[in-house]
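As structure tokens, the structure follows; a few thoughts come after it.
Numbering (the UniProt record's numbering), first residue to last: 1 to 246.
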């Protein structure tokens, strides 16, 4: 169940793993694809992160901290996004730092400075080389597997999908929400097979609906015929009664 301790530990582990992939190490060797990511560091961060409370929501497991050492603000990743924290990044050197809105420095010498609210937009990928991006993501998945956190990773993804579903089911969902979710889902190659299968399901539903309509039509025709027979029978009975009475 989502509320048990094992689930919470694995979920916290995934969050720590994600944030550790950003800024854990000081190695800026551009040829080292495993930089900023060390399993032992992640394990230490998992223990540390259980005690950290989020500045935004107040819950524990806040593994994204403002990079200014004197700042005590810690966040869950999406809480940092909601609190307008800022990502300062140098993709070529593998440097990714998060600052709270108060301490974000627009004059920072890192080439990319942007709010976390824009991190997942499609234009962000235009600033990275596709091959390098693929290598980094592959290394990340391998490290997830090595750390035994693949289950936690996919549970987090499923949680996100459930939240998206709840958002769509809400009667107050805005048009912009539909557009954002639609773009996120349908522009993702991962779901191409899912959409093909869904199309087959839609066609099957159409077939079943047409079959029900055909059955209903036959049932209506049968009932109308029965009604006509009853009317004819009543008329015949009425005529017979009139003849006998005369």
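Beta carbons: idealized from backbone N, C-alpha and C, even for Gly.
These figures come from a predicted structure and were not determined experimentally.
Within 8 Å, strictly: CB atoms of residue i and residue j
i, j, result
"residue 59", "residue 53", "yes"
"residue 66", "residue 103", "yes"
"residue 177", "residue 167", "yes"
"residue 55", "residue 82", "no"
"residue 98", "residue 64", "yes"
"residue 158", "residue 144", "no"
Strand pairing of residue i, partner residues [DSSP]
i, result
"residue 53", "60"
"residue 65", "74"
Residue i: first and last residue of the uninterrupted alpha helix (DSSP H) it sits in
i, result
"residue 167", "150–169"
"residue 186", "175–186"
Any chain D beta carbon closer than 8 Å to residue i
i, result
"residue 179", "The question asks about chain D, but that chain is absent: this structure has only one protein chain."
Buried or exposed (CB count within 10 angstroms, at least 16 for buried), residue i
i, result
"residue 86", "buried"
"residue 76", "buried"
"residue 79", "buried"
"residue 100", "buried"
"residue 134", "exposed"
"residue 205", "exposed"
"residue 61", "buried"
"residue 200", "exposed"
"residue 149", "buried"
"residue 182", "exposed"
"residue 220", "exposed"
"residue 49", "buried"
"residue 147", "buried"
"residue 215", "exposed"
"residue 224", "exposed"
"residue 228", "exposed"
"residue 165", "exposed"
"residue 22", "Legend: pLDDT at residue 22 = 44, less than 50; position of this residue unreliable, value from coordinates given subsequently. Residue 22 is buried by the Cβ-count criterion."
Residue i: CB within 7 Å of a non-hydrogen atom of the ligand HEM
i, result
"residue 166", "Absence of the ligand HEM is noted for the structure shown, with no ligands found whatsoever."
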